Amino acid sequence: MGSSKWSSRPIGFALAASALTLVAATVTNGQGRQTQAIDPTAVTRGATIFSSSCASCHGKVGRGTDTAPDLIRSALVLHDRMNALHGSELGPYLSTGPTHHFTFDKDQLTELSAYLVTNVNKTLRSGYSNEPTNLLSGDKKAGEAFFQASCATCHSTTGDLAGVGKRYDPATLQQKFIFPNSGPRGARTAPRVKKMQVTVTLPDGKSFSGELGRIDDFNVSLRDKDGVTQTFSRGKGVIVKTIDPYQGHVDLLDHYTDDDIHNMTTYLETLK
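Each residue of the sequence shown is one higher than the last, beginning at -9 in our numbering.
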């Protein structure tokens, strides 16, 4: 929604909200439940709003174009639908999100929500008969350059990523390098292949490391290399350091542009 070209800006955590939310495409499993009562007149008014303010970038019914994402797969819209928010959380994003500077009132947001939710419902009834499009529209050489600059210190195209283009379809490939600890398309989460690590240093200098079990304001538990679970009180002088094995992927979210992601997907798909 907006006139700026999508691919020229950093995506950051807008990824999770809309830009490439096909990675969380719960629409494809047909398990969403409708919790909103839809007012047909609101849908009609919402269609008018969408047509005048959004369709030029996101397509006639919101299924995306080569410059803007598919809103029918958007986590923001799916969240709105599943929790019957009637557009209440769309407002802040539409007024402050990159390339979005709309000032819709409460009624307009409700109407826009009604239109988008109706399109989601139609999709759930009919099913997505096609795969996400334009995923391989990037520049392979640019993708390789990005990989070498940002990923090669941890990953190898002849090691862990050898033949990755044969193992996954383009949409799953894209998901795996953006959100590597998420589940298959259609699933919200998956067991982490790599576990969060933690090191606890006690006031006397002794330290204990292992897989993080549980952590809160008062205690932290870990499982060491011998399989022994230990729990420590987070009292005065106790230092707790957690290490996320996917932190490199998290850090990249603030730097990716849409072009980067398409380029990377195109490059990784060639690794066969």
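Ideal Cβ positions, reconstructed from N, Cα and C, are used throughout, including at glycine. For clarity, every value in this text was computed on a predicted model and none was experimentally measured.
Quiz item: Taking the alpha-carbon positions, what's the Ser146 to Tyr257 distance?
Solution: For Ser146 and Tyr257, the distance between alpha carbons rounds to 13 Å.
Quiz item: What are the start and end residues of each continuous beta strand (DSSP E) run of 3 or more residues lying completely inside the region 224 to 254, in chain order?
Solution: With a minimum length of 3 residues, the unbroken runs of beta strand (DSSP E) contained wholly in the region 224 to 254 fall at 229 to 233.
Quiz item: Where do the N-terminal and C-terminal ends of the beta strand (DSSP E) with Arg204 fall, by residue?
Solution: Secondary structure note for Arg204: its beta strand (DSSP E) is the uninterrupted segment 197 to 205.
Quiz item: For Val190, does the three-state DSSP call read helix, strand or coil?
Solution: Of the three classes helix, strand and coil, the one that applies to Val190 here is strand, per DSSP.
Quiz item: Any chance the region 95 to 111 sits against the region 141 to 156, with 3 or more Cβ pairs inside 8 Å?
Solution: By the Cβ test, the region 95 to 111 is not in contact with the region 141 to 156, since fewer than three Cβ pairs between them sit closer than 8 Å.
Exercise. Report the rounded CA-to-CA distance for Glu134 versus Ser127, giving the unit in angstroms.
Key: Rounded to the nearest whole angstrom, the CA to CA distance from Glu134 to Ser127 is 14 Å.
Exercise. Return the residue from the list Phe136, Asp150, Thr221 that minimises the CA-CA distance to Thr247.
Key: When the alpha-carbon of Thr247 is set against those of Phe136, Asp150, Thr221, the nearest one is in Phe136.
Self-check item: Through-space distance from Gln165 to Gln26, alpha-carbon basis
Solution: Its pLDDT being 49, under 50, Gln26 is placed unreliably by the model, and nothing is read from it.
Quiz prompt | Per DSSP, cross-strand counterpart(s) of Arg213 | solution = In the DSSP output, where bridge partners are listed per residue, Arg213 has Glu201, Thr219.
Practice problem: Classify Val190 as buried or exposed, calling it buried when 16 or more other Cβ atoms lie within 10 Å of its own Cβ. | Solution: By the 10 Å Cβ count, Val190 comes out buried.
Exercise. Determine the direct distance from the alpha carbon of Val107 to that of Leu66, and round the result to whole angstroms.
Key: For Leu66 and Val107, the distance between alpha carbons rounds to 11 Å.
Quiz item: Alpha carbon to alpha carbon, how far is Lys262 from Asp159?
Solution: Using only the alpha carbons, I get a separation of about 12 Å.
Quiz item: Are Arg224 and Asp249 close, meaning C-beta to C-beta below 8 Å?
Solution: Their beta carbons are not under 8 Å apart, which means Arg224 does not touch Asp249 by this criterion.
Quiz prompt | Inter-residue spacing [alpha-carbon to alpha-carbon] between Val110 and Ile62 | solution = Distance between the alpha carbons of Val110 and Ile62 is about 6 Å.
Quiz item: Taking the alpha helix (DSSP H) that Ile39 falls in, what are its first and last residues?
Solution: First-last of the alpha helix (DSSP H) with Ile39: 30 to 43.
Self-check item: Local conformation of Asn111 per DSSP, three classes
Solution: Asn111 falls in the helix class under three-state DSSP.
Quiz prompt | Integer-rounded CB distance, given that Asn253 should sit under 8 Å from Asp129 | solution = Correct: roughly 5 Å between the Cβ atoms.
Quiz item: With 16 other CB atoms within 10 Å as the buried threshold, where does Ser85 fall?
Solution: A residue is called buried once 16 or more other Cβ atoms fall within 10 Å of its Cβ, and Ser85, having fewer, is exposed.
Quiz item: Looking at Pro193 and Val154, is the spacing between their C-beta atoms short of 8 Å?
Solution: For Val154 and Pro193, no; Cβs fall outside 8 Å.
Quiz item: Which term fits Val240, buried or exposed, when burial requires 16 or more other beta carbons within 10 angstroms of its beta carbon?
Solution: It is exposed - the Cβ of Val240 has fewer than 16 other Cβ atoms within 10 Å.
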